[in-house]
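Below is one structure, written out as structure tokens; comments come after it.
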Amino acid sequence: MIVYVIKRVCATLIALWGVTVLVFALMWWSPGLAGTLGEGELDLVSQEHASSQRSQTDEGILHGYLGWWERSLREETDATVWTEHEGLRMVMRCEQAGGIEVIEDSEKHWHRFERSDHPASSTWLFGDAAKLRRMSAEAKADAADFGVDAGTNCVEVRGIVGEIVDDAVKAYEFRMRPAREGVWRWRVTMGRSLATHRPVIDEIAGHAGPTLLLGTLAIIAVHLLAIPCGVVMGARRNGAMDRSLNWLLLLLWSFPVVLGGTLMMGYLTEGGLGVQWFPTGGLQNTASADLSRWETARHVFLPVTCLTYGSLAYVARQTRSAVARNVTAGFVKTARAKGCSERRILWRHLLPNGLLPMIAVSAVLLPWLLAGSVIVEKMFAINGLGMLAYRAVQNRDLDLIMALALFSAAVCVVVNLAADLLTKWADPRVRL
Amino acid sequence: MHNDPTHIPVQARTSDRAFSLRQFGLVVSVLVVAFIILCAIFGSWIVGNTASGDLAARNQGPIGSHWLGTDDTGADVGDQLLLGARTAVVIGGGATLIGTMMGVLIGAIMGMGGGWIDTIGMRFMEIKMAVPRLLLLLVVIASIGTGGGTERVWILMVVMGVLGWMRSARLVRAEVMRLKHTDIDAAAIVTGAKAWRRLRGHLLPAALAPVIVDASFTMAGLVLMEASLSFLGVGLVPPTASWGQMLAGAVDPSTGEFRWWLAVFPGGMILLLVWSLNAIGEHLRSRLHPDEEQ
Chain A
240 MIVYVIKRVC ATLIALWGVT VLVFALMWWS PGLAGTLGEG ELDLVSQEHA SSQRSQTDEG
300 ILHGYLGWWE RSLREETDAT VWTEHEGLRM VMRCEQAGGI EVIEDSEKHW HRFERSDHPA
360 SSTWLFGDAA KLRRMSAEAK ADAADFGVDA GTNCVEVRGI VGEIVDDAVK AYEFRMRPAR
420 EGVWRWRVTM GRSLATHRPV IDEIAGHAGP TLLLGTLAII AVHLLAIPCG VVMGARRNGA
480 MDRSLNWLLL LLWSFPVVLG GTLMMGYLTE GGLGVQWFPT GGLQNTASAD LSRWETARHV
540 FLPVTCLTYG SLAYVARQTR SAVARNVTAG FVKTARAKGC SERRILWRHL LPNGLLPMIA
600 VSAVLLPWLL AGSVIVEKMF AINGLGMLAY RAVQNRDLDL IMALALFSAA VCVVVNLAAD
660 LLTKWADPRV RL
Chain B
741 MHNDPTHIPV QARTSDRAFS LRQFGLVVSV LVVAFIILCA IFGSWIVGNT ASGDLAARNQ
801 GPIGSHWLGT DDTGADVGDQ LLLGARTAVV IGGGATLIGT MMGVLIGAIM GMGGGWIDTI
861 GMRFMEIKMA VPRLLLLLVV IASIGTGGGT ERVWILMVVM GVLGWMRSAR LVRAEVMRLK
921 HTDIDAAAIV TGAKAWRRLR GHLLPAALAP VIVDASFTMA GLVLMEASLS FLGVGLVPPT
981 ASWGQMLAGA VDPSTGEFRW WLAVFPGGMI LLLVWSLNAI GEHLRSRLHP DEEQ
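Heads up: the sequence lines are chains A and B, in that order.
Numbered according to our numbering, the first sequence spans residues 240 to 671.
Numbered according to our numbering, the second sequence spans residues 741 to 1034.
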């Protein structure tokens, strides 16, 4: 048993490593490599970031792949950086957490950099409006002077000098080179997202909530609906009930989620043509306290329905065949001989026996749900992992895509392993 | 009696009637698929290669001159449905063909080779099955960008085919392994047949039946997949008509206005095609394994 588990864990690790290679190779050799978005699709800083991810292109795929590992496992911490331009000298310490501290400043003009409020962009704004304008002109000239040193151990402070013109922030980019190498430390970050510059692991953790909620509810709903269907179907195979349910399930299975979701949007939500029972979407974060339980339920109902109905057929069929296999088994005869009612035989004897193989069946659902969440979250504007994956793919955000692929693969593989062990635990006769 | 779980009808599957409801369903499904394939072939003869927009008549409901309404470029929904049939059939059918052929080849090699060839193949399949296919497709297709014009259909077809060989490979491998040392194979070996001849002449014909059944489900899945990708805006892009992409226009992103004709008609076409393909597959499967409960 222990040997088996060790073997499986090793196989799992190899498979996950294979996933990283496969996805990396796919992205590497695809015509549009990571970070080749046109101008304007990403902000300036992101473009720099993209080119730093891409800068290893010339070095070949192996270098790129190793670079991904390095970015994933190590992060640079506080680094001292400086800039010197036309006699202007400034040294500052840059913390990866997002703070910047000025250590030395030849003109003593700027003492504090503030991070702008918007967490998605790491623009740094100066406080003083008059100097701000001066600085922006210089910084603009500055930007051309510094090349990008990516792929080495340096940290670059990339920033935006902003000025406020007609309530809009007009931003200029500036960069500073490190005076000495940044401090690296080991931490699993999975790289940094192109769009937000945050460690990928934080991005995933921040978006996992809604997806987890939807997925859990969907799995529960699938089983609650499909297992009774399957039992009823299996009990009288080819009966009228079996046939009509079979027909209905095939219809549901074939019903495109994109159509189902669109129709629900059109006829069941506020602003649609039909009844206005549900909000159009916008389940941002399950942690947000401003949604009451009832509101959350209203937000969640349609997406969960979309995720659920397609999988019903699969689970119901597996239950049906599990029940049907046992209909003639000895224990059914025994139960009947004891005088059990047919209802009791069906639900207390046949169903529990049929449930055992269902453990493995349920594990198969997970990848479907993960894939389905991309469509459903996009449709209902839910800010979960599916949406994150969609945006990552749109931005060709290499690190984020790699991490998401690895994450979903890990979930699937681990759940499969757990399902096998659970089956073994539930039924000692099963040989692994 | 009604709840008796042990009651198994003797005439289990098909009734004695010559033309049962089930067969009626099969006929309808085949007719639907045939009709959609005809649309795919002859659609462009009727409406030209791209549906031209009539800017004066944008977002019209199904009234007046445009029976099925128009979309936000003023293109006729009926015309686009016809053209969308072509992309759905080309991508669904072509990708199925590519995937199945690759799968048969790889599965046959794995089954015949056994040993380390088989191990490597299985490991690779494990890896590929671990990543949701939609994500893999998104990665590859999105990195192609939105360019490509009409060639995009072919690109999508090849990518979806090449990424989808696992199921048939698995089936063929299992069948080849099952048949490998049975009498038909032994007979072939006795006649001096080499591996290729054993495969081509003896093992593959026997192993192909489940693959052909599966192809119908695979095609249904791929049609859905293409619709989903186009719906997400990474699959086929506007000059090329696609049902999924038409569906995406049903809910106006800025105003939230719902145009039901853009949801019901293309969505209905996807549903019809997918449902028919699944029904055909179902029927074939029950014919192939009359006693297997699945």
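All C-beta atoms, glycine included, are put in the ideal place defined by N, C-alpha and C.
Remember, it's a predicted structure, so these values are computed and weren't measured experimentally.
Legend entry - CB contact flag (B/F971, A/V497, <8 Å): At the C-beta level, B/F971 and A/V497 come within 8 Å of one another.
Inset, instruction - State yes or no: is the C-beta of A/L624 within less than 8 Å of the C-beta of A/I443? - result: Closer than 8 Å, so yes.
Legend entry - Start-to-end residues for the alpha helix (DSSP H) that takes in B/C779: If you look at B/C779, you'll find it in the alpha helix (DSSP H) that goes 761 to 787.
Inset, instruction - Identify whether A/I399 lies in helix, strand or coil by the three-state DSSP scheme. - result: Reliability fails at A/I399, whose pLDDT of 44 lies under 50, so the model's placement of it is uncertain and the value that follows must be treated cautiously. A/I399 falls in the strand class under three-state DSSP.
Inset, instruction - Please report the residue range of the alpha helix (DSSP H) in which B/M865 lies. - result: Taken as a continuous stretch (DSSP letters only), the alpha helix (DSSP H) holding B/M865 covers 855 to 870.
Inset, instruction - Consider the Cβ of B/L823: report whether some Cβ of chain A lies at a distance smaller than 8 Å. - result: No, because no Cβ of chain A sits closer than 8 Å to the Cβ of B/L823.
Legend entry - Sequence-distant residues of the same chain with beta carbon closer than 8 Å to A/A657, five excluded per side: Closer than 8 Å at Cβ, skipping near neighbours: A602.
Legend entry - B/I1020 vs B/L761 beta-carbon contact at 8 Å: In this structure, B/L761 does not lie closer than 8 Å to B/I1020 by Cβ.
Inset, instruction - If I'm right that A/A648 touches B/A870 with Cβ under 8 Å, what's the distance once you round it to whole angstroms? - result: The beta-carbon distance between A/A648 and B/A870, rounded to whole angstroms, is 4 Å. This is short enough to meet the 8 Å contact definition.
Inset, instruction - Just tell me which of B/R913, B/T813, B/V898, B/A780 has its CA closest to the CA of B/P979. - result: Here the closest residue by C-alpha is B/T813.
Inset, instruction - Give, in chain order, every residue of the segment 829 to 857 of chain B whose Cβ lies closer than 7 Å to some Cβ of chain A. - result: The segment 829 to 857 of chain B vs chain A, Cβ under 7 Å: nothing.
Legend entry - Near the ligand COA: B/G904 beta-carbon under 7 Å from a heavy atom: Although the ligand COA was asked about, the structure shown includes no ligands whatsoever.
Inset, instruction - Flag B/V871 as yes if its beta-carbon sits less than 8 Å from any beta-carbon of chain A, otherwise no. - result: Closer than 8 Å to some Cβ of chain A, the Cβ of B/V871 qualifies, so yes.
Inset, instruction - Decide if A/M240 is buried, meaning its Cβ has at least 16 other Cβ atoms within 10 Å, or exposed. - result: If you draw a 10 Å sphere on the C-beta of A/M240, you find fewer than 16 other C-beta atoms in it, and that means exposed.
Legend entry - Rounded distance between the beta-carbons of B/V830 and B/V902, thought under 8 Å: Actually they do not touch by this definition, with Cβ atoms about 16 Å apart.
Inset, instruction - Inspect the beta-carbon positions of A/G505 and B/A780 and report whether they are closer than 8 Å. - result: Contact: no.
Inset, instruction - Look at A/V206 and A/L639 and say whether their C-beta atoms are less than 8 Å apart. - result: Here chain A covers residues 240 to 671 and nothing more, so residue 206 of chain A does not appear.
Inset, instruction - Decide if B/I803 is buried, meaning its Cβ has at least 16 other Cβ atoms within 10 Å, or exposed. - result: Exposed is the call here.
Inset, instruction - Throw me the rounded Cβ distance for the B/W983 and B/G809 pair, which I believe falls under 8 Å. - result: Rounded, the Cβ-Cβ distance is 15 Å, inconsistent with contact.
Legend entry - Rounded C-alpha distance that separates B/H1023 from A/V461: B/H1023 and A/V461 have their C-alpha atoms roughly 25 Å apart.
Inset, instruction - Identify whether B/V977 lies in helix, strand or coil by the three-state DSSP scheme. - result: If DSSP states are grouped into helix, strand and coil, B/V977 belongs with coil.
Inset, instruction - Helix, strand or coil for B/T995, going by three-state DSSP, please let me know. - result: If DSSP states are grouped into helix, strand and coil, B/T995 belongs with coil.
Legend entry - Within chain A, the residues that B/S994 reaches when beta carbons sit closer than 8 Å: Those do not exist, as B/S994 stays about 12 Å from chain A at its closest Cβ, beyond 8 Å.
Inset, instruction - Please list the partners that B/A1003 has in chain A, where partner means a Cβ-to-Cβ separation under 8 Å. - result: Within 8 Å of the CB of B/A1003, the CB atoms of chain A belong to L498, T501, L502, G505, in sequence order along the chain.
Inset, instruction - Grab the span of the alpha helix (DSSP H) containing A/H462 for me, first residue to last. - result: Its alpha helix (DSSP H) spans residues 439 to 474.
Inset, instruction - Report yes or no: is there a C-beta of chain B within less than 8 Å of the C-beta of A/R426? - result: Chain B, which has no Cβ nearer than 8 Å to the Cβ of A/R426, makes this no.
Legend entry - C-alpha distance - A/L605 paired with A/G549, whole-angstrom precision: If I take the Cα positions, the gap works out to 13 Å.
Legend entry - Cβ shell of B/V963 (< 8 Å), same chain only, five flanking positions each side left out: Here the set comprises A828, I831, G832, I1010, L1013, V1014, L1017.
Legend entry - Beta-carbon proximity of B/V916 to B/R1025, cut-off 8 Å: It is not a contact, given that the beta carbons lie outside the stated cut-off.
Inset, instruction - Indicate whether at least one CB of chain A lies closer than 8 Å to the CB of B/F775. - result: Judged by the 8 Å Cβ criterion, B/F775 is not in contact with chain A.
Inset, instruction - Specify the secondary structure class of B/R940 as computed by DSSP and reduced to three states. - result: In the structure shown, B/R940 sits in a helix (DSSP, three-state: H, G or I).
Legend entry - Interface flag, B/W1000 vs chain A, CB-CB below 8 Å: Closer than 8 Å to some Cβ of chain A, the Cβ of B/W1000 qualifies, so yes.
Inset, instruction - Would you kindly check if the distance between the Cβ of B/R940 and the Cβ of B/G851 is under 8 Å? - result: No. Outside cutoff.
Inset, instruction - Could you check what DSSP says for A/W425 in three-state terms: helix, strand or coil? - result: Correct three-state label for A/W425: strand.
Legend entry - Neighbour flag for B/K868 against chain A, beta carbons, 8 Å: Chain A contact via Cβ: present.
Inset, instruction - Whole angstroms is fine: what's the gap from B/L822's alpha carbon to B/R907's? - result: B/L822 and B/R907: Cα-Cα distance of roughly 31 Å.
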